[in-house]
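Have a look at the structure below, then the notes.
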Amino acid sequence: MAKKAPISDLIPSGTRPTQQTIADMTGLAVTTVSKALRSDPKISEKTRQLVEKVAKEVGYVPDRAAQRLRTGKTHVISLILDPHNEILGFGNSMITGIVEALQGTNYHLNITPHFTPGHIMEPVVNIVRNGLADGLIFSRTRALDERVRFLSERDFPFVTHGRTEFSKQHNFVDYDNEAFAYQAVMRLVAKGCNKVCILLPLSKFTFYQHMRYGFMRAVRETGVDHLLPEDVSLDSPSDQLVAWAKGLAGTDAMPDGIICPGETSYFAVENGFAAGGKRQEQDYCVVAKSVSAVLPLNNPNLDLIAEDVKEAGFLMGQSLLEVLSSPEKAPRQILQEPTLKFPI
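In C-alpha cells form, the structure reads like this:
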C-alpha cells in the first residue's frame, strides 16, 4: 500500500497557505476557519482542533500585514536585549520564558539587540514611532529611566525587568537583589569570614542601590569588616577583574569572603586569586549568583544563590499580554525571591 503523501504536498510549490486553503481541505466555511483560529468559544472544540491540526500541517501563518490593516495591531512583542555579559545565558533564558508565555496566542516575539554604544532611547523610539510592535520588554532599568518615562507618557504597553523610582507605577518583574546580597553576607559570616567584599554593578542601574543596601545592612548587623571596590564593577571586562583579583591577592587588604553577583565575575575572580597564589575554601570563600547549570558543574560545593531568568521572562510575557488585553488593570509588580543553594 502506497504511503499517504503529507497534506502539505497538496499545496503547489510557492503558494502560501491561507484560511481559504484550510477551508477547502476541511470542508468548512472560511468564516468558521477564521473564528476557530481565533479560538472563538462559539466554535466547538472538535472543530477548533481540526482547524489547528490542518493549519499546522500546511504551515499556515497569519497574514500579519492584513491583520494590521484590519485591527491596527502588529501582534508583535519586542524584547530589547541589552548586553548581560556578567550572567551566562541571560538572553537565551529570558527569550525562552517569554516565548513560552506567548505560546497559543496571536503574538510572536521580535528581538531587538542593543549592543552598540548608541543611546538607550534609540530602539524604543524607533519601535514606537514606526509602529513595529504592540508592546515592549526591556531590562537594566535605571532609577529615573528615560524609556519608562517616554512609554508611560504615550500609554504604550511595556514591562520592565527591574524597578524604577517613578511615582507613577508600571508593570515590572524584578529579582530581589537586596535579599541576595544580605543572604550572601550572612552565609560568609556564618562560615567564619572576617572581611567580605561584593562586586557591585554600575551605579546608574537601579539594582546597584538594592544590592548595596542589602550588603551594608548585613555588614551593620554583623559588624564584619568589608570592602566595596571602586576601580572595578560587575560590568568590568573579565581581564580587568582578573587583574584586580590578582593584585588584591598579594596585599593585606584581600577579603576572605567574596560575593560574585554573576557567573562571569566568579570565574574572573577565581582565576585572579589563583594567579596570586590563593585557593578557594582555603584562603577565601565565595557566594555566587547562578542562573544556569554552569557553576554547579564547575564546583558542586560552591555556595550559590539562584535567579530564575527563564521564569522572569515567562512572567513578563504573561504580564504584557494582560496589559494588551486589559489596559485598565492595575500594574502587576512581581519580585522574585532568591533561591539559596548552600551545600550542607
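Count along the sequence shown from 1, then add 18; that gives the number in our numbering. We put the beta carbon where it would ideally sit given N, CA and C, even for glycine. Fair warning: this is a prediction, and the values are worked out from it, not measured in the lab.
- [ ] Return helix, strand or coil for THR159, following the three-state DSSP convention.
- [x] coil
Subject >> For GLY275, the first and last residue of its enclosing beta strand (DSSP E) >> reply: 275-278
Notebook entry, point to check: Among ARG147, ILE61 and SER157, which has the Cα closest to the Cα of ILE129?
Noted result: SER157
- Item | Completely contained alpha helix (DSSP H) runs for the segment 269-341, where each covers 4 or more residues | 281-293 and 312-316
Q: My understanding is that VAL341 touches PRO141, with C-beta atoms under 8 angstroms, so please give their C-beta distance in whole angstroms.
A: No, VAL341 and PRO141 are not in contact; Cβ-Cβ is about 19 angstroms, not under 8 angstroms.
* Asked: VAL287 to ALA236, Cα distance in whole Å?
  -> Distance between the alpha carbons of VAL287 and ALA236: 22 angstroms.
Problem set entry | Exposed unless 16 or more other CB atoms sit within 10 angstroms - verdict on GLY45 | exposed
message = If you measure between the beta carbons of ALA306 and LEU322, is that distance less than 8 angstroms?
response = Closer than 8 angstroms, so yes.
**Request:** Could you check the C-alpha separation between LYS74 and SER343 for me, to the nearest Å?
**Result:** 25 angstroms
Where the alpha helix (DSSP H) through SER96 begins and ends: Careful: SER96 lies outside any alpha helix (DSSP H), inside the beta strand (DSSP E) at 94-99.
Tell me, please, which residues DSSP counts as bridged to ASP42. Paired residues: none, contrary to the question.
Margin query: Quick check on this structure: which residue in ASP194, ASN110, GLU239 and THR224 has the alpha carbon closest to the alpha carbon of GLY207?
Written below: Sequence check: residue 207 is Val here, not Gly. Answer by Cα proximity: GLU239.
Roughly how far, in whole angstroms, is the beta-carbon of VAL214 from the beta-carbon of VAL242, given that I think they are within contact range, below 8 angstroms? Right, the Cβ-Cβ distance comes to about 6 angstroms (below 8 angstroms), so this counts as a contact.
For this session: Can you tell me the Cβ-Cβ gap for THR392 and ALA161, rounded? I've got them flagged as a contact below 8 angstroms.
Result: Outside the displayed range of the chain (19 to 362) lies residue 392, so it cannot be described from this structure.
Quick check on DSSP: helix, strand or coil for PRO131? DSSP places PRO131 in strand when its eight states are reduced to three.
Note to self: Here's the rule: buried if 16 or more other CB atoms are within 10 angstroms of the residue's CB, otherwise exposed. What is PRO371?
What the structure shows: As displayed, the chain neither begins before 19 nor continues past 362, which places residue 371 out of reach and without an answer.
Query raised in the report: Are the beta-carbon atoms belonging to PHE198 and MET234 less than 8 angstroms from one another?
Result: no
- Contact between the segment 62-78 and the segment 116-128: three or more CB pairs below 8 angstroms? No, the segment 62-78 is not in contact with the segment 116-128.
Check: For LYS186, is the classification buried or exposed, using 16 other Cβ atoms within 10 angstroms of its Cβ as the cut-off for buried?
Finding: Result: exposed.
ask   = Which stretch, first to last residue, makes up the alpha helix (DSSP H) that contains ASN257?
value = According to the sequence displayed, residue 257 carries Asp and not Asn. Per DSSP, ASP257 belongs to the alpha helix (DSSP H) from 256-267.
Using the C-alpha atoms, what's the distance from PHE168 back to ALA202? 36 angstroms
*asked:* Considering Cα atoms alone, identify which of THR269, GLY268, ALA54 and LYS222 is closest to SER251.
replied: LYS222
query: Would you report the Cα separation of TRP262 and GLU70, rounded to the nearest angstrom?
result: Roughly 58 angstroms between the two C-alpha positions.
To which residues does DSSP link LEU154 through a beta bridge? DSSP output for LEU154 lists SER96 and PHE176 as bridge partner(s).
Exercise. Answer with buried or exposed for ASP163, where buried requires no fewer than 16 other C-beta atoms within 10 angstroms of its C-beta.
Key: So ASP163 ends up on the buried side.
In the structure shown, what three-state DSSP assignment does HIS126 receive? Of the three classes helix, strand and coil, the one that applies to HIS126 here is strand, per DSSP.
Rounded to whole angstroms, how far is the Cβ of LEU217 from the Cβ of PRO279, which I believe are closer than 8 angstroms?
6 angstroms
Environment of ILE276 [buried if 16+ CB atoms lie within 10 Å]: buried
Please state whether DSSP places MET19 in a helix, a strand or coil.
A caution first: MET19 carries a pLDDT of 44, below 50, which makes its placement in the model too unreliable to give a value.
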